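Taking this note's numbering, the leading residue of the sequence shown gets 3, the next gets one more, and so forth.
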Amino acid sequence: QVQLVESGGGSVQTGGSLRLSCAASGGTFSIAVLAWFRQAPGKEREFVAALSNDGTSTYYAGSVQGRFTISRDNAKNQAYLQMTSLKPEDTAVYSCAAGITFGRYTLWGQGTQVTVSS
């Protein structure tokens, strides 16, 4: 069974950086579209970024455009979210997701907590 496991979350101060990782196991990682979502306490889950299976197409939420970078290494079955210039409003549980097409994600990780303090 395919699984996604996130890591790399933690606590940083405003302006800091973190790199999240998403490790996939048990499936054909290279054909999947990948995405990152986040959910803050009391708020709905929101889209952060997405990346095509070959890495040539990327999409970002306006709130993270220019600060976050999504990438993948198909040889290692890993996806990444490099986050810079972090703000307190970036505080959330970040989850990676995979699917066959953009917007239709059928596999989700359990999430990793990111906390940004002012």
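Virtual Cβ for every residue (Gly too), placed ideally from N, Cα, C.
Computed from a predicted structure; not experimentally measured.
Check	Outcome
Opening and closing residue of the beta strand (DSSP E) in which D75 lies	F70 to D75
Through-space distance from L83 to T71, alpha-carbon basis	6 Å
Under 8 Å between C-beta atoms of V4 and A37	no
Whether A51 touches V66 by CB criterion (8 Å)	yes
Collapsed DSSP secondary structure at F31 in the structure displayed	helix
Three CB pairs or more closer than 8 Å across the region 42–49 and the region 14–29	no
Residue(s) in a DSSP beta bridge with G101	V35 and Y107
Those residues which DSSP pairs with R40 across a bridge	E48 and Y96
Residue environment, D92, which counts as buried when at least 16 other CB atoms sit within 10 Å	buried
Bounding residues of the beta strand (DSSP E) (the contiguous stretch that carries L83)	Q80 to M85
Within 8 Å, strictly: CB atoms of Q41 and V95	yes
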